Amino acid sequence: MIDVTIVHCWSAPRSRSTALMYSFHERKDCIVLDEPLYRRWLEENKDSVTRPYTEELINGIPPKDSNPEDFAKWEKEKEDLNSRILSCVETLGGKDDGEKRGIIFLKHIAKHASLFNFEKDCEMNCDRLVVNEEKVHVTHKHLLLIRDPLHSLSSWNASTDVHNGNVTPNEVGIVNLLYIYANVTSKSDASGNISVLDSDDLVSDPESTIRDLCNDLNIPYSDEMLYWEAGPKACDGPWAPWWYSGVHKSSGWVRESNHVYRTLDPKLLPALRVSLAPYNFLKQLTHRYRSRGPAPCEIYEDPRNENLLVYIGTPGHSRLVPREIAGVSPWDSSVQGGDATWEGIRVYRGKILSLERHLKRLFRSAKALGFQNVHS
Numbered sequence: 291m292i293d294v295t296i297v298h299c300w301s302a303p304r305s306r307s308t309a310l311m312y313s314f315h316e317r318k319d320c321i322v323l324d325e326p327l328y329r330r331w332l333e334e335n336k337d338s339v340t341r342p343y344t345e346e347l348i349n350g351i352p353p354k355d356s357n358p359e360d361f362a363k364w365e366k367e368k369e370d371l372n373s374r375i376l377s378c379v380e381t382l383g384g385k386d387d388g389e390k391r392g393i394i395f396l397k398h399i400a401k402h403a404s405l406f407n408f409e410k411d412c413e414m415n416c417d418r419l420v421v422n423e424e425k426v427h428v429t430h431k432h433l434l435l436i437r438d439p440l441h442s443l444s445s446w447n448a449s450t451d452v453h454n455g456n457v458t459p460n461e462v463g464i465v466n467l468l469y470i471y472a473n474v475t476s477k478s479d480a481s482g483n484i485s486v487l488d489s490d491d492l493v494s495d496p497e498s499t500i501r502d503l504c505n506d507l508n509i510p511y512s513d514e515m516l517y518w519e520a521g522p523k524a525c526d527g528p529w530a531p532w533w534y535s536g537v538h539k540s541s542g543w544v545r546e547s548n549h550v551y552r553t554l555d556p557k558l559l560p561a562l563r564v565s566l567a568p569y570n571f572l573k574q575l576t577h578r579y580r581s582r583g584p585a586p587c588e589i590y591e592d593p594r595n596e597n598l599l600v601y602i603g604t605p606g607h608s609r610l611v612p613r614e615i616a617g618v619s620p621w622d623s624s625v626q627g628g629d630a631t632w633e634g635i636r637v638y639r640g641k642i643l644s645l646e647r648h649l650k651r652l653f654r655s656a657k658a659l660g661f662q663n664v665h666s
C-alpha cells in the first residue's frame, strides 16, 4: 500500500504562500503544483480580468522572448487538475527509494475555489488507483493560509502593474477562505481534514510553526522545509517572472517582527472592513491561537462557562454573542473616561439571588450618573 497525502493549500495571492510552496518543494517525499486551477480561472474571467500573460497562459504558448525549455511548462498548464494529480501520484508510486508514502502539495489561490469540487476533493476514483501493482491510498487535507488583511492591503500597491490595482474582497481572499472552510467542514467526514495557519506565525517562529503544521497534516517533519536556495524554482508556474521576484530573493524562513504600525490608503478600507470578520474567525482556529494560554478546563471552574453567550447592546438594539467575541467599543465612555456602573449577581442552585433588587439598584446607579439607553 502506498499512502499519498494531498495538501490543498488555499491562500490569498501574496509571497508567503509561494514561500510555503518552496518549503514543501525542498522535501524529498513531495511533489508541488503551483496554482493548477489558474489557467481555467483566467479563461473563464478573461473579459473582466487583465494579466500581461492572459493569452499565452490560456493557449499554453510562452511569450516570444522565452527560452526553448519554457515551452513544456506553458503547455503543461493546459492539463486539467485531475490529470496533473494522477501524474504526481504515479511519480510518487514509481520511486525506487523504498518509501511507501508521499506528499502532493497544491498551492491554490482562494478565489479559484469556485472551480474546485469540495464534495469529492478529486473527481478521479482514488480508491482504485494502482501503481506498480500496489494499491494507492489517498488522503486529502486542506490548509488555509491566512494573514491579517491590514498587512496584505498595506503592501497592495507593490504589484499594481500586474493586478491593475483591483482591490476587491475576492482579491484579498479572506472571504473566499471562509467559503472554503464552510465547504470542507460541511462534509460528513471532514474531521481532521482542515487546518488554519496564520502566515505571521511562520515568520515569527518558523520551526515550531512548521512542526505544528506537519503534525496537523499527519506528515513527518523535515528540517529541509526551513531553507531553500534563492532564485527561480522548477515548481514555479510560468507566471513567476511577473509575481515572484521578491520571494526569489529569499533563501528560507527568517524571523520577522510583525509589530509594525501601518497606514492604509482610504480606498482600501471597504475591502478591509469586509475581510476582518472572516479573518478574526479563522485566526481563532490556528494552532498558535488555541495554545496561547491555559486550557479552558484550567480557567473555568464550571466547564459550561467556556461556551457562554453574552448579551450586548441597548434595549431594542442588542444581541447574544459567544464570549470570545464579546467586547466594548474603544469609543465607549466606560473606556474613554471610566464611566460605568455594574452589579455582581450570585446564582445558587440554579436560581438568581434577588434579581429584581439588583436590577433596581443598577438602574438607580445609572440614573445618578446620567446614563441614557442603559445597557442591560
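Using the working numbering, you'd call the opening residue of the sequence shown number 291 and step up by one each time.
Note that CB positions come from ideal geometry on N, CA and C, so glycine has one too.
None of the values given here were measured: they were computed from a predicted structure.
Over the uninterrupted beta strand (DSSP E) stretch that includes Phe571, give me the two end residues.
-> Element bounds for Phe571: not the beta strand (DSSP E) but the alpha helix (DSSP H), Leu559 to Lys573.
Quick one: using the 10 Å Cβ neighbour count with 16 as the cut-off for buried, is Glu646 buried or exposed?
-> exposed
Terminal residues of the continuous beta strand (DSSP E) containing Leu433?
-> Glu424 to Ile436
Look up Lys539 in the DSSP assignment and say whether it is helix, strand or coil.
-> helix
State buried or exposed for Val600, treating a residue as buried only when at least 16 other CB atoms are found within 10 Å of its CB.
-> exposed
Could you pull the start and end residues of the alpha helix (DSSP H) that Leu371 belongs to?
-> Leu371 to Gly383
Cys299 beta carbon less than 8 Å from that of Gly392 | no
C-alpha gap between Glu325 and Ile399, whole angstroms | 7 Å
Is it buried or exposed for Ser666, if we count other Cβ within 10 angstroms and need 16 for buried?
-> Caution applies to Ser666, whose pLDDT of 49 falls short of 50 and renders its modelled position unreliable; the model cannot decide the point.
In angstroms, rounded to a whole number, what distance separates the CA positions of Val452 and Pro342?
-> Reliability of the predicted coordinates at Val452 is poor, the pLDDT of 48 falling under 50, and the value obtained from them is presented with this limitation in mind. Straight-line Cα distance between these residues: approximately 7 Å.
List the whole-angstrom C-beta distance separating Leu468 from Leu572, where the pair is believed to meet the contact cut-off of C-beta under 8 Å.
-> 7 Å
If you pair each beta-carbon of the segment 574-586 with each one of the segment 528-547, do three or more pairs fall below 8 Å?
-> no
Would you check if the segment 425-441 and the segment 480-500 touch, i.e. whether three or more CB-CB distances between them fall below 8 Å?
-> yes
Span separating the alpha-carbon of Ser404 from that of Thr308 = 21 Å
Going by Cα to Cα distance, which pick from Lys477, Lys650 and Val625 is closest to Glu633?
-> Lys650
Let me know if Arg304 comes out buried or exposed under the rule of 16 or more other beta-carbons within 10 Å of its beta-carbon.
-> buried
What did DSSP end up calling Trp300 once you bin it into helix, strand or coil?
-> strand
Residue interval of the beta strand (DSSP E) (run including Asp488) | Ile484 to Asp488
Helix, strand or coil for Phe653, going by three-state DSSP, please let me know.
-> helix
With a Cβ-Cβ cutoff of 8 Å, do Arg545 and Ser494 count as a contact?
-> yes
State the CB to CB distance for the pair Leu652 and Leu562, rounded to an integer number of angstroms; the pair is presumed to be in contact (CB under 8 Å).
-> Rounded, the Cβ-Cβ distance is 37 Å, inconsistent with contact.
Beta-bridge pairing of Pro522 - partner residues as DSSP gives them | None, per the DSSP bridge assignment.
Count the other C-beta atoms from every protein chain shown that fall within 10 angstroms of the C-beta of Asn466, then say buried if there are 16 or more, exposed otherwise.
-> buried
If you scan the segment 610-638 from start to end, which runs of the alpha helix (DSSP H) of 4 or more residues do you find wholly inside it?
-> 623-626
So what does DSSP say about Val452, is it helix, strand or coil?
-> Legend: pLDDT at Val452 = 48, less than 50; position of this residue unreliable, value from coordinates given subsequently. DSSP places Val452 in helix when its eight states are reduced to three.
Tell me whether Ile394 is buried or exposed, calling it buried when 16 or more other Cβ atoms sit within 10 Å of its Cβ.
-> buried
Minimum C-alpha distance to Gly350 - residue among Thr340, Asn357 and Ala362 = Ala362
Taking Cβ to Cβ, would you say Glu346 is nearer than 8 Å to Trp364?
-> yes
Taking C-alpha atoms, which residue in Val379, Arg329, Thr381 and Gly606 lies nearest to Lys401?
-> Arg329
Going by beta carbon distance, what residues of the same chain come within less than 6 Å of Tyr517, once the five residues before and after it are set aside?
-> Gly542
Can you list, in chain order, the residues of its chain whose CB lies under 6 Å from that of Gly463, leaving out five sequence neighbours each side?
-> Ala302 and Ala400
So, using beta-carbon positions, are Ile296 and Leu371 closer together than 8 Å?
-> no
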